[in-house]
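Residue 994 in the working numbering sits at position 183 of the sequence shown, and the numbers go up by one each step.
Glycine is no exception: its CB is placed at the ideal position from the N, C-alpha and C atoms.
The structure presented is a predicted model; accordingly, all values stated were derived computationally and were not measured.
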Amino acid sequence: MTQAINERPAVNRPMPGIFFQGMAAMFKVRDWFRPRGVLLDEIPLRAGDTVLDFGCGPGSYIPELAARVGKNGVVIAVDIHPLAMQRVETLARRNGLNNVKPYLSDGVHLPDLDDASVDVALLFDVFHMLGNQAGILVEIHRILRPGGILAVNDPHMNPDDLVRRVMRGGNFKLVKRGVHSCTFVPVVGQIAGGAAR
Ligand SMILES: C[S@@+](CC[C@H](N)C(=O)[O-])C[C@H]1O[C@@H](n2cnc3c(N)ncnc32)[C@H](O)[C@@H]1O
């Protein structure tokens, strides 16, 4: 039976460490066959942008994101898993990526981020895992600046269902269906709704 969004648990728990390590190993193979920059080519990232990678995992997108936003931009790498934070910290240190900020989240809220402070938010291969999809969309709507972009992909979901779920709360409008991801803009003036809190 399909679970309604609000029947899901309010927050996620991190997956067991062994699963995370296995996933990270699989992503190395995935990224070798299809480098992540190909997916980012669809996203209008500019030098100086602040970009949020929500559910960053071991950090497959981080080096490319850091390069694209440049030294005046910021990459906020959010995950619920402490191992993801360790991986991203190591990746950033080894590659001298001073514009990367790892952010361990509770699975929904991002209290350290100001309203309208983010230019681009990515939800890549994570939507199917989210315990509180509506709540995370509320939080992303809060931190995106007007005219900012939310890019979503999820190879584990039917694309039409994914789009429907992102737009369900009325906080986002679809502007582009790309080959790899869908791009949304926040609906300005929409008060994101209380489903999350
Ligand atoms: C399948 S991985 C995808 C990683 C990365 N986006 C990629 O495509 O390579 C999903 C990641 O999302 C994280 N995650 C799942 N639920 C989360 C939540 N509610 N908040 C933050 N991170 C979450 C998991 O810990 C995992 O690292």
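Query, Result
"In terms of residue numbering, what span does the alpha helix (DSSP H) encompassing Pro-855 cover?", "Looking at the DSSP string, Pro-855 is not in any alpha helix (DSSP H), and its letter there is neither H nor E."
"Do Gly-946 and Leu-902 count as a contact pair if the criterion is CB distance below 8 Å?", "no"
"Is it right to say Arg-905 is buried, meaning 16 or more other beta carbons lie within 10 angstroms of its own, or is it exposed?", "exposed"
"Kindly indicate the opening and closing residues of the beta strand (DSSP E) around Ile-780.", "Here the chain comprises residues numbered 812 to 1008, so residue 780 is not present and cannot be evaluated."
"When every heavy atom of ligand 1 is checked, does at least one fall within less than 7 Å of the C-beta of Ala-877?", "no"
"Within 10 angstroms of the Cβ of Arg-976, are there 16 or more other Cβ atoms? Answer buried if so, exposed if not.", "buried"
"Per DSSP, what kind of secondary structure is Gly-981 in: helix, strand or coil?", "coil"
"State the DSSP-derived secondary structure class of Pro-966, mapped to helix, strand or coil.", "coil"
"For a test of your reading of the model: does the CB of Met-826 fall under 7 Å from any non-hydrogen atom of ligand 1? Yes or no.", "yes"
"Is there contact here, the stretch 911-921 with the stretch 884-893, by at least three beta-carbon pairs under 8 Å?", "yes"
"Compare the C-alpha of Val-996 against each of Gly-848, His-920, Ala-927 and name the closest.", "Ala-927"
"So what does DSSP say about Asp-926, is it helix, strand or coil?", "coil"
"Just verifying my parser: in three-state terms, what is the DSSP assignment at Val-998?", "coil"
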